[in-house]
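Residue numbers (our numbering): 69 to 201.
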Amino acid sequence: MTFGHAINRIVYYLSDIPLLWRTFFTYLRVYFFTPDNDLPAFAKPSTRKKSRDIDRIRNCVGLCFLMGMKTGLKNTCLIHSVVLCRLLNQHGFNASVVFAAKKNEENKMIGHCWVAVNNEEIDDDWHVIFNYP
Numbered sequence: 069m070t071f072g073h074a075i076n077r078i079v080y081y082l083s084d085i086p087l088l089w090r091t092f093f094t095y096l097r098v099y100f101f102t103p104d105n106d107l108p109a110f111a112k113p114s115t116r117k118k119s120r121d122i123d124r125i126r127n128c129v130g131l132c133f134l135m136g137m138k139t140g141l142k143n144t145c146l147i148h149s150v151v152l153c154r155l156l157n158q159h160g161f162n163a164s165v166v167f168a169a170k171k172n173e174e175n176k177m178i179g180h181c182w183v184a185v186n187n188e189e190i191d192d193d194w195h196v197i198f199n200y201p
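1) Let me know the beta strand (DSSP E) ranges lying completely inside the stretch 87-151, each 3 residues or longer, listed in chain order.
2) What does a CB cutoff of less than 8 Å around leucine 43 pick up in its chain, not counting 5 residues either side in sequence?
3) May I have the straight-line CA-CA distance separating lysine 176 from isoleucine 197, to the nearest angstrom?
4) Less than 8 Å separating the beta-carbons of alanine 184 and isoleucine 178?
5) Between which residues of its own chain and proline 201 is the CB-CB distance below 7 Å, once the five residues before and five after are set aside?
6) Out of Phe167, Asn199, Leu146, state which residue places its alpha-carbon closest to the alpha-carbon of aspartate 104.
7) Who pairs with asparagine 199 in a beta bridge, going by DSSP?
8) If we count the other Cβ atoms within 10 Å of its Cβ and call it buried at 16 or more, is tyrosine 95 buried or exposed?
9) Report the partner residues of glycine 179 according to the DSSP bridge assignment.
10) Taking the alpha-carbon of leucine 87 as reference, which of Gly72, Ile75, Cys128, Thr102 has the nearest alpha-carbon?
11) Who pairs with valine 79 in a beta bridge, going by DSSP?
12) Assuming threonine 91 and leucine 156 make a contact with CB atoms under 8 Å, what is their CB distance in whole Å?
13) Nearest CA to the CA of asparagine 162: which residue from Ala169, Leu152, Lys170?
14) Let me make sure I understand the geometry here. Which of Asp192, Gly160, Asn172, Leu131 has the alpha-carbon closest to that of isoleucine 85?
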């Protein structure tokens with residue numbers, strides 16, 4: 069990564085400090101203070117704010133998870149999905165957490181979850197178990 073590219077990335081994230089702080093504190097709240105059985109309910113906030121760029125929200129969530137990994141926190145698809153879904157819903161996007169399962173190469177059942185926006189299509193390899201909300 070060149071010096072100019074690094075400066076551009078820093079400016080990109082710092083151009084929306086409130087979103088970056090909200091993302092960071094939402095991540096910490098989910099990771100440390102929300103019991104596992106309350107995670108799905110946390111993904112659907114009651115308030116909606118002005119819509120923002122969906123890619124900027126995804127990038128801020130990705131940055132927080134990268135920082136978490138660098139500090140030794142174990143990130144899971146569930147925590148990532150809950151944080152992303154909550155922030156997208158807060159900003160007016162119709163987001164939901166998709167829970168799915170499939171068999172891997174060793175014929176063992178594996179589970180995964182991710183965020184779908186506006187009921188986007190789901191890969192045929194996965195069998196959807198539940199969408200929240």
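In this text, a Cβ means the ideal position worked out from N, Cα and C, and glycines have one as well. Bear in mind the structure is a predicted one, so any value in this text is a computation, not a measurement.
Quick answer:
1) Within the stretch 87-151, there are no complete beta strand (DSSP E) runs of at least 3 residues.
2) Past the edges of the chain, shown from 69 to 201, lies residue 43, and the structure says nothing about it.
3) So the two alpha carbons sit approximately 16 Å from each other.
4) Judged by their CB atoms, alanine 184 and isoleucine 178 are not nearer to each other than the 8 Å cut-off.
5) Same-chain partners within the cutoff: Lys112, Ser164.
6) Out of Phe167, Asn199, Leu146, Leu146 has the C-alpha closest to the C-alpha of aspartate 104.
7) Its beta-bridge partners are Val166.
8) Tyrosine 95 counts as buried, since at least 16 other C-beta atoms from the protein chains shown sit within 10 angstroms of its C-beta.
9) Glycine 179 has Ala169 as its beta-bridge partners, per DSSP.
10) When the alpha-carbon of leucine 87 is set against those of Gly72, Ile75, Cys128, Thr102, the nearest one is in Cys128.
11) None; valine 79 has no bridge partner.
12) That belief does not hold up - the Cβ atoms of threonine 91 and leucine 156 are roughly 11 Å apart, past 8 Å.
13) Per the Cα distances, Leu152.
14) When each option's Cα is compared against that of isoleucine 85, the closest is Leu131.
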